[in-house]
Every structure is written in structure tokens, then in C-alpha cells.
Amino acid sequence: MINDEHLPALQGMFPSWITTVSNDGEPNTTVISQIWHVNETEVALSFQFFNKTKKNINQNPFAFATITNPASFDTYTLELKYNRTESEGDLFDEMDMKLEAIASMSGMSGVFELKGADIYTVLSISKNNL
Amino acid sequence: MISDQVYNVLTNGIGHIGCTSSSLRPFHADPLGICCDQATNTIVCCLNKKTNELFLEHLEIGSRVSLFAAVISHEAYNLKGAVTELRDVNDNESQVCDDLREKMYGFYGELGIPKNLVDRYWLKPTDIAVVFLVDKVFVQTPGPDAGKEI
Numbered sequence: 134m135i136n137d138e139h140l141p142a143l144q145g146m147f148p149s150w151i152t153t154v155s156n157d158g159e160p161n162t163t164v165i166s167q168i169w170h171v172n173e174t175e176v177a178l179s180f181q182f183f184n185k186t187k188k189n190i191n192q193n194p195f196a197f198a199t200i201t202n203p204a205s206f207d208t209y210t211l212e213l214k215y216n217r218t219e220s221e222g223d224l225f226d227e228m229d230m231k232l233e234a235i236a237s238m239s240g241m242s243g244v245f246e247l248k249g250a251d252i253y254t255v256l257s258i259s260k261n262n263l
Numbered sequence: 029m030i031s032d033q034v035y036n037v038l039t040n041g042i043g044h045i046g047c048t049s050s051s052l053r054p055f056h057a058d059p060l061g062i063c064c065d066q067a068t069n070t071i072v073c074c075l076n077k078k079t080n081e082l083f084l085e086h087l088e089i090g091s092r093v094s095l096f097a098a099v100i101s102h103e104a105y106n107l108k109g110a111v112t113e114l115r116d117v118n119d120n121e122s123q124v125c126d127d128l129r130e131k132m133y134g135f136y137g138e139l140g141i142p143k144n145l146v147d148r149y150w151l152k153p154t155d156i157a158v159v160f161l162v163d164k165v166f167v168q169t170p171g172p173d174a175g176k177e178i
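Taken in order, these protein sequences are the chains called A and B.
Letter 89 of the first sequence, counting from 1, is numbered 222 in the numbering used here, and no numbers are missing.
Letter 14 of the second sequence, counting from 1, is numbered 42 in the numbering used here, and no numbers are missing.
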């Protein structure tokens, strides 16, 4: 499902946006710095804070996200379903290192601790340009 | 409810508006211009129909929506409310979209991004207006107040 065409949009050059819904039907749309490529059928989001997105996902596992290829401005929408959280391993370490580098550059080293890599199954991905 | 500070972000920033289906599946769309009436707490999001089909399929009068809006400084707000109207975009709203696109040329130009790429996102017909009545406003600027209702 995720192929080479989509990978530039999963590098974190441009922010992504994501919408989740609470179990009482209240949507929440927000921007996140990066959606990470895991494999052909999965992506990951960083879990750093117990924010509204995380609360909603704990109630309702579905999410809708948009990613952007910075070279072409092609955008893709993804329908996602939360699968699991990983708190160790190569993906976790890679995310942790990048987030710490960003925090360090902004003078906030140690503040944005990565609690986990939330892994989502990609239900669909579609190009969104005219 | 909508302060001048929030108004400034809404009308000068980039927004994304989300909704939910009856089966609680989320969707969102990308406004190409946002108009705000502070006196009536009403927001108008101007959209392109074709690139926001999934969102529009699940939107109806009364739907709850969440509008995230942010400017380059990272100042951001989330406005929630219920849809009151789905209609054509009027001339004034169309002009707001044109003006915002011109601002985006300047913003992206400073980053070295050419106009033809900017147009792939920003130059689309705005052929539907989603109008909603705001009942909650949240700070979404990263920091200690993120998530706080104002």
C-alpha cells in the first residue's frame, strides 16, 4: 500500500495533519511534525504527551491524516487504525534520536521525552491533488 | 468568544477542518480561505469540492467540526462548533482566498519554494463554503497552555 511514491512525504520535511474523534463524536484536528514510515502497511506517530489525539485514539482507534511531498507538493490522505505502541527497538530509537535533536536545537533538550511509537495500520492511501 | 488574537491567526494562517462520520470515522479538509465574524462567532471555510470529497461526503448541517489554524510563529488555535450552512462561496469570500494565496506566495517564496509548487495546493476553485457556529476555542500553541479552553 505504501510505496516509493509516498516516502518523500514521510520524511518530516513538511508537517502533517491528523484528525481523530472521541467516542462522543467530537472531532479534533491538529498538526504533527512527522508521520513515520514503518513498512508497506504501517506508519507511526510519536507519543510524547497525553494530548487530545492520544485520548481520542484510546477511545476510538480511527484517524485520518494528510502528508505532503515537499518536492512536488503532492498531498496524500491516509485512513488509519491504531494498532499498538512500541517503547523499544530500531524505530523507537530513530524517532527518539530525531526528536531529541529537534528539542536540543530549540533549547528544550530532555523536555519532549518520547514515551512510545504509536503504530497505525494504513487502511487506505490516496493522492489528493486536482 | 473569538478574540482579535484568534481572529488574526484565522485570517492570516493555514487551517485544517475536521469532522466525523456517523460511524465515528474522522475526515478533514483544507480551507483555502477562512472568514470570521467575531460578532456572531461564525466561521466560513472556503473549500475545493473535488480534493475534499471524503470530508464533504460526511458533512451535513449540525455536524460537529474542529478547525485548527496556525501561523508561522507556531501560534495556533482550535475552534469547535456545529455546521449551520453549506453553500456557494460568495465574491467577498473568494477575494479572501485570493488574498491569502498571495500571502502564501510571499511566505513560501522566502523559503525558496516557487509559485508553481505553491499553486498545486493553493490555486484551486473554491466552490463550497462550510459555515459553522463556534462554541469552544482552545489554545493549541505548543507550550504549557496547549489544550486550554479560552
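Think of the CB as a built atom: it goes at the ideal place given N, C-alpha and C, for glycine as much as any other residue.
Name, please, each residue of chain B whose Cβ falls closer than 7 Å to the Cβ of residue i.
i	result
residue 154/A	48, 52, 54
residue 158/A	48, 52, 92
residue 263/A	78, 79, 152
residue 206/A	145, 148, 149
residue 193/A	52
Can you list, in chain order, the residues of its chain with a C-beta nearer than 7 Å to that of residue i? Leave out the 5 residues immediately preceding and following it.
i	result
residue 259/A	209, 210
residue 202/A	141, 142
residue 44/B	56, 58, 96
residue 173/B	167
How would you list, in chain order, the residues of chain A whose beta-carbon sits under 8 Å from the beta-carbon of residue i?
i	result
residue 175/B	184, 185
residue 96/B	150, 162, 163, 164
residue 45/B	162
residue 128/B	Under the 8 Å cutoff, chain A gives no residues; its nearest Cβ is about 16 Å from residue 128/B.
On the CB-based measure, 16 or more other CB atoms within 10 Å of its CB, does residue i come out buried or exposed?
i	result
residue 121/B	buried
residue 101/B	exposed
residue 167/A	buried
residue 54/B	buried
residue 78/B	exposed
residue 193/A	buried
residue 212/A	buried
residue 49/B	buried
residue 90/B	exposed
residue 132/B	buried
residue 186/A	buried
If I measure Cβ to Cβ from residue i and keep anything under 6 Å in the same chain, skipping five residues before and after, which residues do I get?
i	result
residue 159/B	72, 112, 113
residue 249/A	180, 218, 220
residue 116/B	none
So with CB distances below 7 Å, who are the chain A contacts of residue i?
i	result
residue 168/B	163
residue 89/B	Chain A residues near residue 89/B: none, gap ~15 Å exceeds 7 Å.
Which residues in chain B sit within 8 Å of residue i, going by Cβ to Cβ distance?
i	result
residue 196/A	54
Applying a beta-carbon distance threshold of less than 9 Å, which residues of chain B neighbour residue i?
i	result
residue 225/A	Correct list: empty, because the minimum Cβ distance to chain B is about 22 Å.
Might you give, ordered along the chain, the residues of its own chain that have their beta carbon closer than 8 Å to the beta carbon of residue i, omitting 5 neighbours on each side?
i	result
residue 93/B	45, 46, 47, 87, 108, 109, 110, 111, 158, 160
So residue i contacts chain A; which residues on that side make the cut at Cβ distance below 9 Å?
i	result
residue 108/B	159, 160, 161
residue 62/B	None at all; the shortest Cβ gap to chain A is about 13 Å.
**Asked** At which residue ranges does the region 196-261 of chain A contain complete beta strand (DSSP E) runs of 3 or more residues, listed in the order of the chain?
**Response** 208-219, 249-260
**Item:** the region 95-108 of chain B touching the region 156-167 of chain B, judged by at least three CB pairs closer than 8 Å
**Value:** yes
**Complete runs of the beta strand (DSSP E) confined to the region 32-104 of chain B [at least 3 residues]** = 42-48, 54-57, 61-65, 70-75, 92-98
**Prompt:** Would you say the region 60-70 of chain B touches the region 31-50 of chain B, given that touching needs at least three Cβ pairs under 8 Å?
**Reply:** yes
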